[in-house]
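Numbered per the numbering used here, the sequence shown spans residues 1 to 69.
Using N, Cα and C, we set each Cβ at its ideal position, and we do this for glycine too.
Below you'll find the structure, written out as structure tokens, and then a few comments.
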Amino acid sequence: MTKCIPKIYKRNAENIMLFSWVNAQRQIIPTITNEQAIWNFFRYTGVDWDMESAMSTYSRLQREYFDCL
1 MTKCIPKIYK
11 RNAENIMLFS
21 WVNAQRQIIP
31 TITNEQAIWN
41 FFRYTGVDWD
51 MESAMSTYSR
61 LQREYFDCL
């Protein structure tokens, strides 16, 4: 797990917030899709991203996270 920490520090705050938000939403509401969770993130934080960009960012961070486990 300690090898993940340097990778996490290389990400900006918005990427980390997006990843954390979507994972929290998925834990609270297991039936929610990634796209719905990302729309909720946009709505509550006011971050203006393209959906495709946010989806790819989330997928990349999720892959990196699971590779470290």
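DSSP places Asp-67 in the uninterrupted alpha helix (DSSP H) bounded by 51-68.
In the three-state scheme derived from DSSP, where H, G and I count as helix and E and B as strand, Asn-34 is classed as helix. Leu-69 is not a Cβ neighbour of Arg-11, given a cutoff of 8 angstroms. The Cβ atoms of Gln-25 and Ile-16 lie no closer than 8 angstroms to each other. Judged by DSSP secondary structure, Ile-28 falls within the alpha helix (DSSP H) whose first and last residues are 13-28.
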